[in-house]
Structures are given as structure tokens and as C-alpha cells.
Amino acid sequence: MMDRNRQDMLAALAWQCEAGADEAIGEMPVDRYAVAADARTLADAGTTAEAKVPAPAPAAARPRPQAAPRIESPDETAREARTLADAADSLEALRAAVDEFDGCALKETATNLVFSDGTPEGRVMFVGEAPGGDEDRQGKPFVGVSGQLLDKMVSCIGLDRETGFYITNILFWRPPGNRNPTPMEIAVCRPFVERHIELVKPEVLVCVGGTAAKTLLDKTDGITKLRGRWFDYRTPGMAARDEPAIPAMTLFHPAYLLRTPGQKRLAWRDLLALKAKLDD
Ligand code: URA
Numbered sequence: 001m002m003d004r005n006r007q008d009m010l011a012a013l014a015w016q017c018e019a020g021a022d023e024a025i026g027e028m029p030v031d032r033y034a035v036a037a038d039a040r041t042l043a044d045a046g047t048t049a050e051a052k053v054p055a056p057a058p059a060a061a062r063p064r065p066q067a068a069p070r071i072e073s074p075d076e077t078a079r080e081a082r083t084l085a086d087a088a089d090s091l092e093a094l095r096a097a098v099d100e101f102d103g104c105a106l107k108e109t110a111t112n113l114v115f116s117d118g119t120p121e122g123r124v125m126f127v128g129e130a131p132g133g134d135e136d137r138q139g140k141p142f143v144g145v146s147g148q149l150l151d152k153m154v155s156c157i158g159l160d161r162e163t164g165f166y167i168t169n170i171l172f173w174r175p176p177g178n179r180n181p182t183p184m185e186i187a188v189c190r191p192f193v194e195r196h197i198e199l200v201k202p203e204v205l206v207c208v209g210g211t212a213a214k215t216l217l218d219k220t221d222g223i224t225k226l227r228g229r230w231f232d233y234r235t236p237g238m239a240a241r242d243e244p245a246i247p248a249m250t251l252f253h254p255a256y257l258l259r260t261p262g263q264k265r266l267a268w269r270d271l272l273a274l275k276a277k278l279d280d
């Protein structure tokens, strides 16, 4: 039988994961109970904790410094992202620009940049929401259970990552605990996503899930209203250059289909519509 202490610790860990605290952010663990006990001892000795706090360790011995807080406004950060994105003239250059960009705080907590997978020569480009835990560990989009379902679904209409499609997300880093992306995170990543689409120039763009659909198609409707319809997609750059629009559609997110398998029927209908567009 597992000893009681270990059982309690595992239960506490599971509770933290469920609450979304599933990433170690500092380099060194901090024993908060010991810190609190030290403070109590100092208080009992008639002095304040602050007065007896030891001098900070020399810089070299201190844990990794946190990035300096950015002082730009969200608009300025998005403008900086736009300048960097527009200067990228290839997918490699765009990936390097995203990697160097410090304007999205998610980069601090993520393990890896999740840029793309699949083939840019493919006819279809899928854009999902944000990397999850598996994607964060492997640095590739849609490699966890929902990605496996998406692969299976699109293989039924003859598409695979090696030859048929390219895939990315609205965010390039995992939100801690898989929380929803914030409007600020979406706004600062958006110029890179738009440049990504301009560089890939897919024949058809597929928004995977409500967040991608609302962001790219500039809609406030929910996914159930948006799915099953075709839209014309143009980035601001494409509109300025008077380039033709890309046909775009929306699919239910595979994570939603895993929770709500009854909706697979509609997803299948949407996949057939995608196939018909490609066969046109
Ligand atoms: N969900 C997404 O939207 N993107 C991924 O990469 C994985 C899961």
C-alpha cells in the first residue's frame, strides 16, 4: 500500500494540475512552508521578517532572471509584431522572427515555440487555436489526442501532413493550463499568423474551432453559426495589394468533437464540402 505521505502529495499535485498550475516557472523549487516558518520565527523573536531577510545572492547564483516587464502598450506591441512579420520574406525568416519576438508573455512559460507542421506546398492550410501540453513538449501543432483525431478525420478525404496540408495555430506558445487565449495574446500574434498565411498561399484555408474562425474571419458569431459556410479570406496586406481572396471555411475543433461525439455527423458534412471544393 502506498504510504500516506506520498498519497497526500500525489493528491495535492493532481489538485494543482486540475487547477491549471501544471508548469514549473522558476528554475528552483521554493519551499513556501519553510519561508512562512522562517517569517514566524523572526516575528516571535520580536523583529520583522523584512529586517532579517538575507541580502540577495550574487547575480551569478540567482535563478534565471525574469524578462524585464515590457512598457509598450498592446497597440505598440502589435505594431512591432506587424513590422517584424512584414519583413519576413520566407517561412524560415518568419519562424525566426516569431522566435525572437518578446511581446507575448506566453513565451516565458512555454517550453517550445510551436510554429507549424505539414507541408507548405499542400493545398490546404489549417489554423487552430493554441498549442496544448503535447504540442508544447514536442514543438509541433496538433500532435496530442485532438490532433490525432484531426489527422484521422482529414485522412478520410485524402489529406495528410506529408503531402496534403500545412497546419499552425493562432498562438505560437501554449497558454498555461490550456486556458483560453486572451484578446491581447491574439492581437500580438495576429500579424505573424496573417504573414504566415500570405507566405503559404494555400488554395483553401480551414479555421479549426471558434477562436481561429472568429479571429481570422473577424466574426462574433459562435462556431455553430460559422461552420458549414464559405468565406473570402484576405489579410490586410492582400487587400492592399488587391490580391484575390482565399476560400475559407470552419471546422468544429476536434477537442470539442471528442467531448461531443454527436457533432461528428456535421463535421463529416463539412469535410465533404472541403473535398468538393478541392475537387472543383
Ligand atoms: N488544439 C489546438 O488548437 N492546437 C493544437 O496545436 C493542439 C490542440
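Using the numbering used here, the letters of the sequence shown map in sequence onto residues 1 to 280. For every residue, glycine included, the Cβ atom is placed at its ideal position computed from N, Cα and C.
| Taking 7 Å as the line, does the beta carbon of residue 129 fall inside it for any heavy atom of the ligand URA? | If you number the sequence shown from 1, residue 129 lands on position 129. For the ligand URA, at least one heavy atom lies less than 7 Å from the Cβ of residue 129.
| message | Can you tell me whether residue 9 is buried or exposed? The criterion is at least 16 other CB atoms within 10 Å of its CB, across all chains shown. | response | What you label residue 9 is simply residue 9 of the sequence shown in a count that begins at 1. Exposed, because fewer than 16 other Cβ atoms sit within 10 Å of the Cβ of residue 9.
| said: Are there any heavy atoms of the ligand URA lying less than 7 Å away from the beta-carbon of residue 135, as far as the coordinates show? | reply: Taking the sequence shown and counting its residues from 1, one reaches residue 135 at position 135. Checking every heavy atom of the ligand URA against the Cβ of residue 135, one is found closer than 7 Å.
| Own chain, CB closer than 7 Å to residue 104, minus 5 neighbours either side, in chain order | Taking the first residue of the sequence shown as position 1, residue 104 is located at position 104. These residues qualify, in order along the chain: 173, 185, 188, 189.
| Bridge partner(s) assigned by DSSP for residue 114 | Taking the sequence shown and counting its residues from 1, one reaches residue 114 at position 114. DSSP lists no partner for residue 114.
| request: Can you tell me the Cβ-Cβ gap for residue 179 and residue 117, rounded? I've got them flagged as a contact below 8 Å. | output: Counted from its first residue, the sequence shown places residue 179 at position 179. Counted from its first residue, the sequence shown places residue 117 at position 117. Actually they do not touch by this definition, with Cβ atoms about 23 Å apart.
| message | Taking the beta carbon of residue 144 as the centre, do at least 16 other beta carbons fall within 10 Å, making it buried, or is it exposed? | response | In the sequence shown, the residue the question calls residue 144 occupies position 144. Burial call: buried.
| field | Reference residue 247; option with closest CA among 3, 92, 207 | value | The residue you call residue 247 lines up with position 247 of the sequence shown. Here the closest residue by C-alpha is 207.
| said: Quick check on the DSSP output: what are the complete alpha helix (DSSP H) runs of length 4 or more inside the region 68-145, in order along the chain? | reply: 74-87, 91-100, 106-109, 133-138
| task | Below 6 Å CB to CB, which residues in the same chain sit around residue 78 once its five sequence neighbours on both sides are set aside? | result | Mapped onto the sequence shown, residue 78 falls at position 78. Only 187, 188 meet the Cβ criterion.
| Sequence-distant residues of its chain with Cβ nearer than 7 Å to residue 211 (five each side left out) | Numbered from 1 along the sequence shown, position 211 holds the residue referred to as residue 211. Excluding its 5 nearest sequence neighbours in each direction, residue 211 has C-beta neighbours in its own chain below 7 Å: 129, 170, 181, listed in chain order.
| What are the residues that DSSP puts in a beta bridge with residue 167? | For this step, residue 167 is matched to residue 167 along the sequence shown. Paired residues: 117, 126.
| field | Residues that DSSP places opposite residue 247 in a beta bridge | value | As a first step, residue 247 must be located in the sequence shown, where it is residue number 247. Looking at the DSSP assignment, residue 247 forms a beta bridge with 232.
| said: Measuring alpha carbon to alpha carbon, tell me which residue in 112, 269, 220, 84 is nearest residue 176. | reply: Within the sequence shown, the letter at position 176 stands for residue 176. It is 112 whose Cα lies nearest to the Cα of residue 176.
| task | Note down the Cα distance separating residue 53 from residue 16, rounded to an integer number of angstroms. | result | One-based indexing of the sequence shown puts residue 53 at position 53. One-based indexing of the sequence shown puts residue 16 at position 16. With a pLDDT of 41 at residue 53, under the threshold of 50, the predicted position of this residue should be treated as unreliable, though the coordinate-derived value follows. Whole-angstrom Cα-Cα distance: 29 Å.
| request: Report the rounded CA-to-CA distance for residue 264 versus residue 147, giving the unit in angstroms. | output: Mapped onto the sequence shown, residue 264 falls at position 264. Mapped onto the sequence shown, residue 147 falls at position 147. About 15 Å.
| request: Please confirm whether residue 153 and residue 267 have their CB atoms less than 8 Å apart. | output: Within the sequence shown, numbered from 1, the residue matching residue 153 stands at position 153. Within the sequence shown, numbered from 1, the residue matching residue 267 stands at position 267. Contact flag set, yes.
| task | Return yes when the Cβ of residue 274 is within less than 8 Å of the Cβ of residue 196, no when it is not. | result | Indexing the sequence shown from 1 puts residue 196 at position 196. Indexing the sequence shown from 1 puts residue 274 at position 274. No, these two residues do not count as a Cβ contact at 8 Å.
| request: Would you kindly check if the distance between the Cβ of residue 98 and the Cβ of residue 141 is under 8 Å? | output: Counted from its first residue, the sequence shown places residue 141 at position 141. Counted from its first residue, the sequence shown places residue 98 at position 98. Cβ distance not < 8 Å, so residue 141 and residue 98 don't count as in contact.
| query | Do residue 90 and the ligand URA come close, with the Cβ less than 7 Å from some heavy atom? | reply | Your numbering for residue 90 matches position 90 in the sequence shown. Outside the cutoff, so no.
| task | For residue 188, write down the residues that DSSP places opposite it in a beta bridge. | result | Counting from one through the sequence shown, the residue named residue 188 turns up at place 188. As computed with DSSP, residue 188 is found in no beta bridge at all.
| query | Would you say residue 303 and residue 237 are within 8 Å of each other, going by their C-beta atoms? | reply | With the chain covering 1 to 280 only, the question about residue 303 has no answer from this structure.
| field | Cα-Cα separation, residue 250 to residue 271 | value | Locating residue 250 in the sequence shown gives position 250, counting from the first residue. Locating residue 271 in the sequence shown gives position 271, counting from the first residue. Inter-residue distance for residue 250 and residue 271 is about 10 Å (C-alpha atoms, whole angstroms).
| message | At the level of alpha carbons, what is the spacing between residue 314 and residue 75? | response | No answer is possible for residue 314: it lies beyond the span of the chain, which begins at 1 and ends at 280.
| task | Give the straight-line distance between the Cα atoms of residue 13 and residue 82, rounded to the nearest whole angstrom. | result | For the purposes of this step, residue 13 is identified with residue 13 of the sequence shown, where counting begins at 1. For the purposes of this step, residue 82 is identified with residue 82 of the sequence shown, where counting begins at 1. Cα-Cα distance, rounded: 40 Å.
| Terminal residues of the beta strand (DSSP E) in which residue 205 lies | Within the sequence shown, the letter at position 205 stands for residue 205. Taken as a continuous stretch (DSSP letters only), the beta strand (DSSP E) holding residue 205 covers 204-208.
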